[in-house]
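**Q** Chains as they are written, first to last, in the working numbering: chain A, 6 to 119; chain B, 245 to 357.
The C-beta atom is built at its ideal place from N, Cα and C for all residues, glycine as well.
Written out as C-alpha cells, the structure reads:
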C-alpha cells in the first residue's frame, strides 16, 4: 500500500531532550516536506527536500533540523525542544514540487513539550 | 509576504443545505497553483483539487464545485446538498514563488443532521 508513515504518532517530552520524528514514504517520491499545524494558523512549512541531499528552509525552520540521506526517509530532528514546539506535525511527499499536484500526507505526530 | 485568507473560522449548517467556503489570496506571481484539502475529524489530510492560474474554468466534482476568479484573487469552494460526512476542516493553499505551499488557517465546517 502506498503510504507515508510517521513515528511516533504521539510524544510527550521535556524541554531540552533531543528527539527525532521519523518519516518514510514507499512511493519513490522526489519531494518531501515537514509542516506543523497550530490552531488558527493552518499548516506552516518547516523544511522541504526536492531530492536526496537537497534540503531547504520553509517558513518556520528555527529549532528544527532535517536530513535526506535516502529518498524514502526524511526525519525531523528537534535538538533542544521547547514548549513553543508543541504542535501537530505532518510529513508529506509527492512525485515533484507541490506545483505538480497532490501531496500525500502522513497521519501526523502530536508532540507535547513540557 | 504572500498570504492565503480563509475568513470564515467556523460554519455550521443543517444537512442538505448548500455551503460556500471562501478563500482569498495575495500574489505577485503570474503563475501559481491553488489547492483545497480536507481534514476530517480523524485528522488525515485529503487532497480535493489543484488549479493553475491560467485555468479559470470552474470545476464540478459530484456535490463539490470550485469557483476560481483571478480578478478578485479568490478560489471558493461550494458543497451542494451537504451531508454529515462533509464535516471537517477545509484548507485552501497556494504555491509561492519557490513552488512551496502557503496555507490558509482553515474553515471548520459543521453539518448538523
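1. Which residues mark the beginning and the end of the beta strand (DSSP E) in which residue 303 of chain B is found?
2. Going by DSSP in three states, residue 105 of chain A sits in which element: helix, strand or coil?
3. Near residue 136 of chain A, which residues of its chain fall below 6 Å by C-beta distance, leaving aside the five closest residues on each side in sequence?
4. What residue does the beta strand (DSSP E) around residue 343 of chain B start on, and which one ends it?
5. Determine the contact status of residue 349 of chain B and residue 246 of chain B, defining contact as a CB-CB distance below 7 Å.
6. Identify the contact partners of residue 104 of chain A in chain B, using a Cβ-Cβ distance below 7 Å as the criterion.
7. Please report the distance separating the alpha-carbon of residue 98 of chain A from that of residue 34 of chain A.
8. Can you check whether the CB of residue 91 of chain A is closer than 7 Å to the CB of residue 60 of chain A?
9. Counting only C-beta atoms, is residue 50 of chain A closer than 7 Å to chain B at any point?
10. Beta-carbon within less than 7 Å of residue 260 of chain B's beta-carbon, same chain only, minus the 5 sequence neighbours each way: which residues are those?
11. Skipping 5 residues on each side, what residues in its chain have a beta carbon closer than 8 Å to that of residue 53 of chain A?
12. Is residue 291 of chain B close to chain A? Criterion is C-beta to C-beta, closer than 7 Å.
13. Can you give me the Cβ contacts of residue 337 of chain B inside the same chain, cut-off strictly under 8 Å, excluding the 5 residues immediately before and after it?
14. For residue 89 of chain A, does the three-state DSSP call read helix, strand or coil?
15. For residue 19 of chain A versus residue 109 of chain A, is the C-beta distance shorter than 7 Å?
16. Do you know offhand how far residue 23 of chain A's Cα is from residue 29 of chain A's?
**A** According to the data block:
1. 303–305
2. helix
3. Since the displayed chain A opens at 6 and closes at 119, residue 136 of chain A lies outside it and no answer follows.
4. That residue, residue 343 of chain B, is in no beta strand (DSSP E); it is neither H nor E in DSSP.
5. no
6. 277, 339, 343
7. 6 Å
8. no
9. yes
10. 325, 326
11. 36, 37, 38, 39, 60, 61, 63
12. yes
13. 248, 278, 279, 280, 281, 345, 346, 347, 348
14. helix
15. no
16. 20 Å
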